[in-house]
Ligand code: UN1
């Protein structure tokens, strides 16, 4: 067990607030308190928004080189500390150490990428229909952005929202997930130490009261949120009512199609990685595995063996392949869905229960449900845990139809050696991201990210698309 960190808000370049109210527990060993942090009632949030508002004019008008340098220094510092911060992330969130280190590295790379993008804000010249008139378009920052981050990528998602917001000249108020304050605080400290000017980046800990204060405040130009559909719906109401710019990522029920002609080992590996790594707590997780009948029995047998062999344990133990789920609430949700599956008639061939290990933690045995029907609740609702269900279909056409069922549309995958089916799937599956012979989860940090239908709302995040959300076009007409 390690020390308990005492965390504070970062407002206007100062560390403020008393470290009580929120407690983050190690999900691998709940006797270990990782951190204590303030739980804002809205007042710290309003102070942070005031600081960000005040800092905006100077930051937005600063040389882009200054913004680029700060982000680059932050990226360098995060990468240099990836081992230590990766362990802290694993201790606080429960993903394994390699996954934790990988995520921290992703956060560092995101800052580096947007350090470059800060210098790439360009505009257009348009020939006017009126002789002598010049039309020019610019991209300008909007002001203060409110960023609401989830616990499942507790440093990468704060980074992929903060880095572009800052790169293009906006100021930021980040509300990290209340389950994972310590790793978010490490990122804030790094930005602070990298010399980000006072008030440009602020961070406030809290739950719904702090979140509401952020979303409602008319000084906040835009909100970027990643989390559940329920919370997202509440945010949308408040934000749209006051015409804030809004971007939301709200999960998925991502299909992975396996065709008869697939390389079986690759199909099993894609399913295993996509569905179970990070304990299935990824909005891109392959939670519906749709398999054509010629390969169904062989695929299920091979996947069942692999799932049953996954070693579940303390996230910090190097032998662990699957850590715990992140919280007691998540544990109860996952166990609830396992019950629902049994009542709906799914056949459980691996897992299906909570595991009691030597330390008190939220361990769930990786669970594989087979012979499920597409309209069962376990195939329609996001579970967000180490649970996957398999659906048997006759052929590719039925596989595509099943893949396109439901409300979500984030990521979709197909494992096949048929170019014809791969290309048809890429064009016709209703999802924002399509993976061919790859898991549905695990995306590149410099590439746009986002879904369709109830998965996402607003412009894409990340990569070269991020500029759309974090800037607005100004159109100038000039007659000399
Ligand atoms: C990934 O699959 O690499 O919350 C990233 C999530 C997503 C990120 C997934 N926004 O799980």
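Numbering (this note's numbering), first residue to last: 514 to 993. Even for Gly, the Cβ is constructed at its ideal location relative to N, Cα and C. If you're wondering where the values come from, they're calculated on a predicted model, not measured in any experiment.
Distance, residue j Cα to residue i Cα
i, j, result
"residue 527", "residue 837", "35 Å"
"residue 952", "residue 992", "54 Å"
"residue 632", "residue 583", "13 Å"
"residue 668", "residue 697", "6 Å"
"residue 520", "residue 717", "10 Å"
"residue 880", "residue 926", "20 Å"
"residue 897", "residue 741", "10 Å"
"residue 552", "residue 678", "25 Å"
"residue 630", "residue 623", "10 Å"
"residue 542", "residue 941", "45 Å"
"residue 908", "residue 765", "24 Å"
"residue 763", "residue 567", "31 Å"
"residue 645", "residue 651", "20 Å"
"residue 586", "residue 555", "31 Å"
"residue 901", "residue 550", "35 Å"
"residue 806", "residue 773", "7 Å"
"residue 531", "residue 557", "11 Å"
"residue 833", "residue 790", "11 Å"
Whole-number beta carbon distance between residue j and residue i, since they are thought to touch under 8 Å
i, j, result
"residue 961", "residue 978", "4 Å"
"residue 539", "residue 604", "5 Å"
"residue 883", "residue 808", "Residue 883 to residue 808, Cβ: 13 Å. No contact."
"residue 945", "residue 963", "5 Å"
"residue 589", "residue 662", "No, residue 589 and residue 662 are not in contact; Cβ-Cβ is about 22 Å, not under 8 Å."
"residue 853", "residue 891", "6 Å"
"residue 692", "residue 537", "6 Å"
First and last residue of the uninterrupted beta strand (DSSP E) at residue i
i, result
"residue 651", "646–653"
"residue 685", "684–688"
"residue 813", "From DSSP, residue 813 is part of no beta strand (DSSP E) but of the alpha helix (DSSP H) over 806–822."
"residue 658", "657–661"
"residue 566", "Here residue 566 belongs to no beta strand (DSSP E); instead the alpha helix (DSSP H) covers 556–574."
Residue i burial status per 10 Å Cβ neighbour count (16 or more: buried)
i, result
"residue 827", "buried"
"residue 731", "exposed"
"residue 578", "exposed"
"residue 580", "buried"
"residue 932", "exposed"
"residue 639", "exposed"
"residue 987", "exposed"
"residue 576", "exposed"
"residue 936", "exposed"
"residue 1062", "What is shown of the chain runs 514 to 993, which leaves residue 1062 out entirely."
"residue 743", "exposed"
"residue 649", "exposed"
"residue 824", "exposed"
"residue 922", "buried"
"residue 616", "buried"
"residue 609", "buried"
"residue 495", "An answer regarding residue 495 cannot be provided, because it is not within the stretch 514 to 993 covered by the chain."
The alpha helix (DSSP H) enclosing residue i, as first and last residue numbers
i, result
"residue 783", "777–789"
"residue 919", "Premise fails: residue 919 is in no alpha helix (DSSP H) and is neither H nor E."
"residue 548", "Premise fails: residue 548 lies in the beta strand (DSSP E), 542–551, not in any alpha helix (DSSP H)."
"residue 843", "841–857"
"residue 619", "610–630"
"residue 983", "979–983"
"residue 699", "694–706"
"residue 763", "Neither: residue 763 is in no alpha helix (DSSP H) and is coded neither H nor E."
"residue 938", "932–941"
"residue 585", "577–593"
Any C-beta of chain C under 7 Å from that of residue i
i, result
"residue 625", "Of the chains in the structure shown, none is chain C; there is only one protein chain."
Residue i CB to nearest heavy atom of ligand 2 below 6 Å
i, result
"residue 963", "With respect to small molecules bound, the structure shown includes ligand 1 and not ligand 2."
Query raised in the report: How about the segment 959–972 and the segment 772–786: do they share at least three Cβ pairs that are nearer than 8 Å?
Result: No, the segment 959–972 is not in contact with the segment 772–786.
Requested in this report: Could you say if the segment 798–809 and the segment 689–707 meet the contact criterion of at least three C-beta pairs nearer than 8 Å?
Outcome: Result no; under three Cβ-Cβ pairs closer than 8 Å.
Query raised in the report: Do the segment 673–691 and the segment 649–660 make contact, defined as three or more Cβ pairs closer than 8 Å?
Result: yes
**Report entry** Three-pair Cβ contact test at 8 Å for the segment 908–918 versus the segment 744–762
**Finding:** no
Query raised in the report: Using 8 Å as the threshold, is the segment 813–821 in touch with the segment 859–877, meaning 3 or more CB pairs across them?
Result: Yes, since at least three Cβ pairs between the segment 813–821 and the segment 859–877 fall closer than 8 Å, the two stretches touch.
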